[in-house]
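Chains as they are written, first to last, in this note's numbering: chain A, 230 to 530; chain B, 73 to 395; chain C, 92 to 646.
From the three backbone atoms N, C-alpha and C, an ideal C-beta is built for every residue, glycine too.
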């Protein structure tokens, strides 16, 4: 965020040694257990999402579509550590396979939104003028629709319930918030002494934006992004609840949570297991995000 | 490459002209948004009149035809839009497909939603900011950990799960709050739904405040002031807080606009007949005029809220007012 | 973040999670409200049978206010609403269906008779008035019926009049109506109506035993919008104030009612979109009667409320319709194979949790003329199913199943898909649950590419109101396009006969239907009503809830 330090003390903060910094960032991160543990969890989840079969098969019943209605809702048994869901499918296998769409949507949407909003935020905040005005109006148009409503309308009109349709919709309604915050942050940063100093020294606009403004302006956005992943996954679950997100026969935590809601009181395990996995996922992302921000934010070095 | 325009940090637009400029810019946005909504809603696949039957009943084909005629659904889309705008210019938001006047739908739903949104917002600000400050001041200690853990939990568990759980836990089992509906009036009926609605925003606000405060506290000027021996509380309140609140204000402004129309899930669970509820049902029934009418209103509200946030932002941080 | 902080965070997080989840689990074991004694379970037994005799009944048990969970009615004009319970309190039609027996009993009419089942004479009782004092005459009925039957009014109960002579002129397929009154309805004198049908129909009394045939006063036509929000009716209750969308509707006892007087002073209809919320409200004591109780709460309701629940016998059928326009379903063995591969008992037990009963005939046993077991291909026999499918040449390619968007439907469709996959070996099965407005046009256009799970709620509990609408060529709910001349003939014949005589013919028709298997019946919905100890004598029967005017407020 803004750093009025230099206004008071008048010392420009111009950074220079890029390659060494990059290596040391990674080393710094790995040295912290606050990063390495959750990052390991995230990595594990990513592997599960990419290759669910071996993990699902750990207890011998790895096919989430082998469902027998006579086992509906039954509790844990040998070979079925989580028991069965309403359809009589192995709940453990379902939860493992559910990681894929949820992780995919969470990561894709957050990454895309981050890229878009950093870019747009930098451009509109730095250049201002007509570009900023136009973007401002476009953002306003997106704002005018509350997210849920607009998402429902768009997904109903699209008619598709694929991961990409849902991701696209979630991205479309996430980038305005983040861009606005980024823009505000950029505006507050760009007038600082050291930026003016850099410009006076003849640095090009791009260099200024990327090397000086961005690292200082980016931390609120990173905080938002690390918070976003869970929100995105929960957003997908909400859209599914309203009937416009992913749909069976897809397998995702969102769908599992929705189904579990109708059978909440008679079969709480249907809710607990996907919720726990969801919780752990979000927690890991947030911790990773926090650690990354702690390290790369120049003010806390 | 030279940037468009020139960034002259010391040039400021007088407040009045700034407000006027932004207000005028609102108009094309509102028009654009309305047309987009209209086009998308009326281009939705499926027959809205059939939707009235909902799959549980049968409506005679002759009646379906008569209703389609009545609502101009057999006209091509541009013609429908023109007729709709014609009505709008006369101040007539039209009738929805159930025969209810859209303006009366809005007139009833709006106060309810406003109460819910305001209550949620107050909760977010009154609890979120102090919580974030507390956590930021006690960085690394139990309070901080607690706040971080709690907020993460809020993000991880989907809002409708929280909603149903709270309803059962606090409404039925403990009996602290009414379970559903608005029959107990404001604020009693609105407290629990507003809490659930505001939980996400509260968590975000708390985290954002904490992060921002932590950063500001470690800034050079604060450390300098501390070193100079100024009282800690005065430094925090007079210097650090104001600067650290800037991103929080930005977020809260956006959040408030979102609260106004986005409470679809909460209004459904707690049976609150507000705008989110109306518009959700309208979309499900493909009740075009209602969707367009309510959305238009929401667009306008949002634009106004945005303008106010920008003005507030300008007041808090004088460097920004030239945009 | 420092390691200690991480550990602390983990601890606190776990504690918070435990609290939240304990809240979830605690919901089912906590108890509220007493399981009051002295509340008799009723299954419609107290529903009195005759009205319109002009005498007042005892004042025992009068007084108090109770509330009922309902959906928002949108309109209150009887010809333009689906709101059964509210309208039945505000209006009294010529006849009513008795909740316990399912038979039509007198309302305003004292008799509905015919010698040829085509021309019917309806005699009305003297002394009935609307709540504004205007007398209820034959003309009041004729006016209401003509308005409902006119297509340009766009009233949803219009299709009830399809049997009446003159309906077609008021509901042309193209162009404007050529008449504004039904030529088959004649006002003979103030208390006598004569109705001529397009063909003989022995079940006519059942048809008019509905609030859709209620009379309307002259004021309904001078101020239709006002009437729609504050109707002036002739029922045991009248509206207090006027109706506003999504707000509760209160009705207050009409002390001038010539039939059995209502017990409660006031009844409040509270609108809900989610019956889960309604049930939560019931547990908190805010709403007195909830019907239906969501499937997941059934075991909780039975455990908690005990004999303050009852199962309704509302006549309905949930069925899998085969797209007979799709060549892949041409062979009857394919259809039989599909039907035999579905384990209905497992479905109703695990997915519906008892809120449904396996269907082995077209109508449930509570409907007159039902023949459970007549659908032999409805019995679960996976071996035979596989054999039949093989005989028909097997199945290749993808299979898509459809249902309307509804949480229960999604689960049922998924279960059916799994069973077809397991029992018939069809691997490429997908399903979709679009909103009704998107699904139905594809069904009506005959472009849908797979079987669809649909619902039929009969208007009265008789097998004729299943066979006719679903299986006859012109049936209003015949979405498969099924057209069997023998069935059409049998139904026409049976319809034209006196009620009792037609039954064997209906059963023959049903037997023929199962030889052809155009649909696979899956289950009959069995919906449960629950109530608090604030009320008693809650009638539950063939209409779902029975006559709410007879509910007694206990405390």
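The beta-carbon of residue 492(A) is placed less than 7 Å from the nearest beta-carbon of chain C. Annotation for residue 177(B): 168, 350, 362, 365 and 366 place their beta carbon closer than 8 Å to its own, counting only its chain and skipping 5 residues before and after. One finds 362, 365, 366 and 369 in chain A with Cβ atoms closer than 9 Å to the Cβ of residue 97(B), taken in chain order. The Cβ atoms of residue 315(A) and residue 492(A) sit closer than 7 Å to each other. Distance from the CA of residue 440(A) to the CA of residue 325(B), rounded to the nearest whole angstrom, comes to 30 Å.
The three-state secondary structure of residue 456(C), taken from DSSP, is coil. Contact between residue 352(C) and residue 346(C) holds: CB atoms are separated by about 7 Å, below the 8 Å threshold. The beta-bridge partner set that DSSP reports for residue 616(C) consists of 447(C).
With a minimum length of 3 residues, the unbroken runs of beta strand (DSSP E) contained wholly in the segment 308-390 of chain C fall at 328-330, 340-344 and 357-362.
Not a single C-beta of chain A is nearer than 7 Å to the C-beta of residue 177(B). Residue 514(C) places its beta carbon 7 Å or farther from that of residue 568(C).
Distance from the CA atom of residue 362(C) to the CA atom of residue 163(C), rounded to whole angstroms, is 5 Å. The way I'd put it, the segment 589-607 of chain C does touch the segment 464-471 of chain C; three or more beta-carbon pairs between them come closer than 8 Å. Nearest CB-CB separation between residue 298(A) and chain C: below the 7 Å threshold.
Here residue 280(B) has 204, 319, 320 and 323 as same chain residues with Cβ atoms under 8 Å from its own Cβ, once five neighbours each way along the sequence are excluded. Sequence-distant partners of residue 212(C) (beyond 5 residues in either direction) whose C-beta falls short of 6 Å from its own C-beta, in its chain, are 204 and 285.
Within 10 angstroms of the beta-carbon of residue 144(B) lie fewer than 16 other beta-carbons, which makes it exposed. None of the residues of the segment 273-290 of chain C has a beta carbon lying less than 9 Å from any beta carbon of chain B. For residue 512(A), a Cβ of chain B is located within less than 7 Å of the residue's own Cβ.
For the segment 363-374 of chain C, the residues whose beta carbon sits under 7 Å from a beta carbon of chain B are, in order, 363, 364, 365, 368, 371, 372 and 374. Three or more pairs of CB atoms, one per stretch, sit closer than 8 Å, so the segment 516-532 of chain C contacts the segment 477-490 of chain C. Nearest to residue 501(A) by C-alpha distance, out of 353(A), 434(A) and 312(A), is 312(A). In this structure residue 552(C) touches residue 633(C) by the C-beta definition: roughly 5 Å separates them, less than 8 Å.
If you check each beta-carbon in the segment 241-253 of chain C against every beta-carbon of chain B, the ones closer than 8 Å belong to 242, 243, 244, 245, 246, 247, 249, 250 and 253. With respect to the C-alpha of residue 490(A), the residue from 365(C), 494(C), 428(C) and 419(C) having the closest C-alpha is 365(C).
Distance from the CA atom of residue 327(C) to the CA atom of residue 253(B), rounded to whole angstroms, is 28 Å. DSSP lists 361(C) as the bridge partner or partners of residue 160(C). Between residue 501(C) and residue 374(C), the alpha-carbon positions lie close to 28 Å from each other.
By the neighbour-count criterion, in which 16 or more other beta carbons inside 10 Å mark a residue as buried, residue 505(C) falls on the buried side. A Cβ-Cβ separation of about 6 Å places residue 268(B) in contact with residue 238(B) under the 8 Å criterion.
In this structure, the CA atom of residue 239(C) is about 46 Å from the CA atom of residue 191(B). In the structure shown, residue 277(C) adopts extended strand secondary structure according to DSSP, grouped into three states. Rounded to whole angstroms, the separation of the alpha carbons of residue 266(C) and residue 195(C) is 37 Å. Residue 337(C) is outside the set of residues whose beta carbon lies under 7 Å from a beta carbon in chain A. Contact between the segment 261-279 of chain A and the segment 450-460 of chain A is not established, with fewer than three Cβ pairs separated by less than 8 Å. DSSP links residue 167(B) through a beta bridge to 173(B).
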